[in-house]
Amino acid sequence: MTSPTDKPLSHACIIMASGSGTRFGGNKLMANLAGMPLVEHVLRATEGHFAERAVVTRHADVAQLARKASARAVVHDLPLRNEAVALGMDALTCCDTVTFFQGDQPLVAARTIDALLAAAERDPGCIWRASFRGQPGAPVLFPTWAFDELRHLPPGKGGGYVAKAHPERVRTVEAASPWELFDIDTTDDLRKLQDHIAR
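Read in our numbering, the sequence shown has 560 at position 178, and its numbers run on one by one without any break.
Here's what the structure looks like:
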């Protein structure tokens, strides 16, 4: 636990934006939602919350958006998720926590990000993740003790592997809506989200 005199933690985030979009039929990260690309929603939501932001992607247009948003673009052509996670970790310079976001999860709210960071300040030894009515999802915040494990994940695994390996150290922050945890895999998913926004 932290005390009022403790120095605030330095927070960083990694936006995972390397999906090939096979099920979507193209680069879903640049698909339009409410007048902007999906990934831009995540860039805007994370702005101002973190000392460092890295966007790990295989797409030049996503990298361009990241740089425009003053985030570090990490461009690669590696096939496995664990490799992309390690690249993101290596792109950060010095931080006490790393929060992973999905680039295809556009409705994550700033208040949920604030709640995750505040929770980490109160209890910095835990993994904190967003959830809705008991269903955990992303974003997920990891403390320093998890960094080495994130850099050395098994082939094809992501940060969720570390969270599942340490269930006793996982805590959750409640999101205001299930749509915050909703990610886009198909064009039908995108239509569902568009319909939700239009209501």
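All C-beta atoms in this analysis are idealised placements derived from N, C-alpha and C, irrespective of residue type, glycine included. No experiment lies behind these values; they were computed from the predicted model shown.
Do residue i and residue j have their C-beta atoms closer together than 7 Å?
i: Leu523; j: Thr475; result: no
i: Ile528; j: Ala557; result: For the record, residue 528 in the displayed sequence is Ala; it is not Ile. Going by C-beta atoms, Ala528 is not nearer than 7 Å to Ala557.
i: Asn409; j: His441; result: yes
i: Pro549; j: Phe514; result: no
i: Glu562; j: Thr494; result: yes
i: Pro553; j: Cys508; result: Note that residue 553 is Arg in the sequence shown, not Pro. Contact: yes.
i: Asp577; j: Arg405; result: no
Output needed for residue i: all residues of its chain with C-beta closer than 7 Å, excluding positions within five of it in sequence on either side, in chain order.
i: Cys477; result: Ser392, His393, Ala394, Ala433 and Glu434
i: Ile579; result: Ala416
i: Thr384; result: For Thr384, the pLDDT reaches just 47, beneath the cut-off of 50, and the residue's location in the model is therefore unreliable, although a value from the coordinates is still provided. Once the five neighbours on either side are set aside, the close Cβ partners of Thr384 are Glu503, Arg504 and Pro506.
i: Pro518; result: Arg511 and Thr554
i: Ala545; result: Ile509, Arg511, Val522 and Val552
Just to confirm my understanding: we take residue i, look at its own chain, exclude 5 residues before and 5 after, and list those with CB closer than 6 Å. What are they?
i: Gly401; result: none
i: Leu498; result: Trp510, Leu523 and Val555
i: Ala451; result: Leu425
i: Ala453; result: Arg435 and Val437
i: Val444; result: Ala399, Leu411 and Val421
i: Thr387; result: Because Thr387 sits at a pLDDT of 44, beneath the cut-off of 50, its placement in the model cannot be relied upon, and the following sentence gives the value as read from the coordinates. Correct list: empty, nothing qualifies.
Would residue i pass as an interface residue toward chain C - the criterion being a Cβ-Cβ separation below 7 Å?
i: Ile495; result: In the displayed structure, chain C is absent; only one protein chain is listed.
Tell me which same chain residues have a C-beta within less than 8 Å of the C-beta of residue i, skipping the five on either side of it?
i: Gly407; result: Thr569
i: Arg551; result: Gly507, Cys508 and Ile509
Tell me, to the nearest whole angstrom, how far the beta carbon of residue i is from that of residue j; I am working on the premise that it is less than 8 Å.
i: Leu572; j: Phe564; result: Rounded, the Cβ-Cβ distance is 10 Å, inconsistent with contact.
i: Ala468; j: Val456; result: About 10 Å; that fails the 8 Å criterion.
i: Leu532; j: Met471; result: 5 Å
i: Met398; j: Ala466; result: 7 Å
i: Val490; j: Pro521; result: 6 Å
- Item | Stretch-stretch touch, CB-based, cutoff 8 Å, three pairs: the region 530 to 542 with the region 450 to 467 | Yes, the region 530 to 542 is in contact with the region 450 to 467.
- Message: Please give the ranges of any alpha helix (DSSP H) in the region 446 to 531, keeping only runs that are unbroken, at least 4 residues long and fully inside the region.
- Response: Runs of the alpha helix (DSSP H) inside the region 446 to 531: 463 to 473 and 492 to 504.
- Task: Could you tell me whether the region 479 to 493 touches the region 410 to 425, using the rule of 3 or more Cβ pairs below 8 Å?
- Result: With a cut-off of 8 Å, the region 410 to 425 and the region 479 to 493 count as touching, because enough Cβ pairs lie within range.
- Item | alpha helix (DSSP H) runs wholly inside the region 392 to 451, at least 4 long, in chain order | Segments of the alpha helix (DSSP H) lying fully in the region 392 to 451: 420 to 428 and 442 to 450.
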